[in-house]
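Trainee: Using this note's numbering, the letters of the sequence shown correspond one by one to residues 36 to 545.
I have a structure here, written as structure tokens, and I will follow up with some questions on it.
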Amino acid sequence: MDQQAPRSNEPDQTGLCSESKNIRPPSKQNIIDRVQHIQTCLTMAPVSKASKKIFDYIVIGGGSGGMASARRAAGIHGASVALIESHSVLGGTCVNVGCVPKKVMWNTASIYETLHQAKGYGYEFSDVKFNWPVIKAKRDAYIKRLNGIYDNNLTKEKVEHFHGHASFVNASTINISREGVEPIEIQGKHILIATGGHPIIPKVPGAELGISSNGFFELEDQPKRVAVVGTGYIGVELAGIFHALGSDVTIFSRTKQILRKFDPIVKDTLLEHMKKQGVNFTFDSKVTGLRKTENGIAVDFESDGQKGELEVDTVLWAVGRAANTKGLNIEAIGVKLDDKQQIIVDEYQNTGVENVYSLGDVVGKFELTPVAIAAGRKLSDRLFGGPQFTHAKLDYVNIPTVVFSHPTIGTIGYTEPEAREKFGDENIKVYETRFGNMYFSVLDEKEPTAYKLIVSGKEEKVVGLHIIGKDSDEMLQGFGVAIRMGATKADFDACVAIHPTSSEELVTLR
């Protein structure tokens, strides 16, 4: 998932917010003014005392969904909004320990791969050396800058930002507490729970010796030997980054596959390529514990009924995520949770409690940044936008998503097994192609490319698209628009191909 960074007040290459790009720097005073302006952009502090007792809207959680909903309600619709965030920085998982810093590291790994491939195109240079601490420092500085932009945007939209832990007193009253500060209470006519989620650490002996995806971004140096436990998109992406940068990687899978919920054409193709590239897999395995050794960490595991041990420098737990509902006191007001402890909502993001809503990872439906953003904006439109938005809601059908693996994956709609189950085998037709991307035509090492188009009924309406190969991440968005509009196979065929590209294969399928 690629993050949608705030555009309006983001500093450009000069370090200035967009609204101040016309400031000229020749004089010493102008330079001083610019430095002060940057500091202002980056140091908007949360408030500790509310300006009013009752707000139109209280948002609990300063991640992507909460921020988007708060800003839409206040900035577009003029509602009085309070936003509460328990962490010291805004932006949630995506900005701080998720898609944004992950994409920086994926870019880093991709550049490393490109440098090695460059020799196949005739370039001559000495061996490439990679310095992990350099990119970590630059990445962390970028994230810090984004945190400041988020602070500044709340101020710009006149959203009151509270730093502390929120808990329900009743269905319209929130207690805000923080160590060393007197607790306060505020009331809201509407309250949104957008508290996100956190990585799960399994309950096995020595589990604390491993790190989560959060801990990946705290690593000061690149580990030489890495064990990744889990084969969802987070595990696959981070394993790919480690491997591309030269670490020896072993992935532990409970089954014989990766990316379990994805279409076979993408998950099977990626698995085979990762194995060919030298990523190690231990299938049908269960990690039973971690132990500290003289030279690293011992991973104790069982696989096919046999016990085993592997010594590594770093163990990364990627076994899933859980909703952040602890301490909210939602049980006191009657908000219901499902068996995964995620908040239950209807199609309009309503909980079972009047004027209390929830969205994003804490709900667990399409745990993607753009989904939370879109749902948050739709909710604010419905609550504060007037009669024309009475039925505003996010359509969760045909959500495009990308896996930043090596190579990348793009997917939208039903997988082939899902489509056959929903529409029946007789109503499904599959168009599929595998080929070599022209980029690799002069290289010794090849990457696979595989595309699948799933259509339904006599009109051959496109109900699923699954692609893997170079640049699939950038390719999917346009096809996503077409599929959202109800495109058929005939519509794809009617589009003139762009040659020579990989994407032309999707409009020439036979």
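Cβ coordinates follow ideal geometry from the N, Cα and C atoms, glycine included.
Quick one: measure Cβ to Cβ for Phe401 and Ile447, integer angstroms, because I've assumed they're closer than 8 angstroms.
Mentor: Reading the sequence shown from its first residue, position 366 is the one you call residue 401. Reading the sequence shown from its first residue, position 412 is the one you call residue 447. The pair is not a contact, with the Cβ atoms about 12 angstroms apart (cut-off 8 angstroms).
Trainee: Ends of the beta strand (DSSP E) at Phe287?
Mentor: Here residue 287 is taken as the residue at index 252 of the sequence shown, counted from 1. Counting along the chain, the beta strand (DSSP E) containing Phe287 begins and ends at Asp283 to Phe287.
Trainee: Quick check on Ala85: does DSSP put it in helix, strand or coil?
Mentor: Taking the first residue of the sequence shown as 1, we reach residue 85 at position 50. Ala85 falls in the coil class under three-state DSSP.
Trainee: Quick check on the DSSP output: the alpha helix (DSSP H) that includes Arg213 runs from which residue to which?
Mentor: The count along the sequence shown starts at 1 and reaches residue 213 at position 178. From DSSP, Arg213 is part of no alpha helix (DSSP H) but of the beta strand (DSSP E) over Thr208 to Arg213.
Trainee: Under the three-state reduction of DSSP, which class applies to Cys499: helix, strand or coil?
Mentor: Sequence index remark: in the sequence shown, residue 499 carries index 464 (1-based). Correcting the residue type first, residue 499 is Gly in the shown sequence and not Cys. The answer is strand: DSSP assigns Gly499 an E or B state.
Trainee: May I ask which residues mark the beginning and end of the beta strand (DSSP E) holding Tyr486?
Mentor: The residue labelled residue 486 in the question sits at position 451 within the sequence shown. Where Tyr486 is concerned, the enclosing beta strand (DSSP E) stretches over Pro483 to Ser491.
Trainee: Are the Cβ atoms of Gly199 and Ser207 separated by less than 7 angstroms?
Mentor: Start at 1 with the first residue of the sequence shown, and residue 199 comes out as number 164. Start at 1 with the first residue of the sequence shown, and residue 207 comes out as number 172. No, the Cβ-Cβ distance between Gly199 and Ser207 is not below 7 angstroms.
Trainee: Checking 7 angstroms against the spacing of the C-beta atoms, do Glu148 and Ala279 come in under that value?
Mentor: Sequence index remark: in the sequence shown, residue 148 carries index 113 (1-based). Sequence index remark: in the sequence shown, residue 279 carries index 244 (1-based). For Glu148 and Ala279, yes; Cβs fall inside 7 angstroms.
Trainee: Counting only the same chain and skipping the five closest in sequence on each side, list residues whose C-beta sits under 6 angstroms from that of Asp416.
Mentor: The residue labelled residue 416 in the question sits at position 381 within the sequence shown. The answer, listed in chain order, is Phe424 and Ala427.
Trainee: Could you spell out where the alpha helix (DSSP H) holding Gly324 opens and where it closes?
Mentor: Working through the sequence shown from its first residue, we reach residue 324 at position 289. No alpha helix (DSSP H) contains Gly324, which is instead part of the beta strand (DSSP E) from Ser320 to Lys327.
Trainee: Taking its Cβ as the centre, do 16 or more other Cβ atoms sit within 10 Å of Pro234, making it buried, or is it exposed?
Mentor: Counting from one through the sequence shown, the residue named residue 234 turns up at place 199. That one is buried.
Trainee: Leaving out five residues on either side along the sequence, give the residues of the same chain with a beta carbon under 7 angstroms from the beta carbon of Pro218.
Mentor: On the sequence shown, position 183 is the one that residue 218 refers to. Excluding sequence neighbours, Pro218 sits near Asn210, Ile211 and Ser212.
Trainee: In terms of DSSP beta bridges, what is His196 paired with?
Mentor: For this step, residue 196 is matched to residue 161 along the sequence shown. Per DSSP, Leu118.
Trainee: Provide the residue span of the alpha helix (DSSP H) that contains Ala172, from first to last.
Mentor: Position 137 of the sequence shown, counted from the first residue, corresponds to residue 172. First-last of the alpha helix (DSSP H) with Ala172: Trp167 to Lys191.
Trainee: Entirely within the region 341-407 and at least 3 residues each: give me those beta strand (DSSP E) ranges in chain order.
Mentor: Listed in chain order, the complete beta strand (DSSP E) runs (minimum 3 residues) inside the region 341-407 are 341-347, 349-352, 356-358 and 391-393.
Trainee: Whose C-alpha, out of Ser537, Arg519, Leu150 and Glu480, is nearest the C-alpha of Gly566?
Mentor: With the chain represented from 36 up to 545, any question about residue 566 goes unanswered, as that position is not in the structure.
Trainee: Relative to the C-alpha of Val465, which candidate in Trp141, Lys524 and Ile293 has its C-alpha closest?
Mentor: Walking along the sequence shown from the start, residue 465 turns up at place 430. When only C-alpha atoms are compared, the closest one is Lys524.
Trainee: For Phe336, which residues does DSSP report across the bridge?
Mentor: In the sequence shown, counting from the first residue as 1, residue 336 sits at position 301. In the DSSP output, where bridge partners are listed per residue, Phe336 has Val322 and Gly343.
Trainee: Taking only the alpha-carbon atoms, compute the straight-line gap between Glu584 and Tyr156 and give it to the nearest angstrom.
Mentor: With the chain covering 36 to 545 only, the question about residue 584 has no answer from this structure.
Trainee: Please state if the CB of Ala108 and the CB of Phe419 are separated by a distance shorter than 7 angstroms.
Mentor: Taking the first residue of the sequence shown as 1, we reach residue 419 at position 384. Taking the first residue of the sequence shown as 1, we reach residue 108 at position 73. The answer is yes: Cβ separation under 7 angstroms.
Trainee: What's the call for Phe470, buried or exposed, on a 16-neighbour Cβ count within 10 Å?
Mentor: Reading the sequence shown from its first residue, position 435 is the one you call residue 470. Flag for Phe470 reads exposed.
Trainee: On the CB-based measure, 16 or more other CB atoms within 10 Å of its CB, does Met473 come out buried or exposed?
Mentor: One-based indexing of the sequence shown puts residue 473 at position 438. Exposed.
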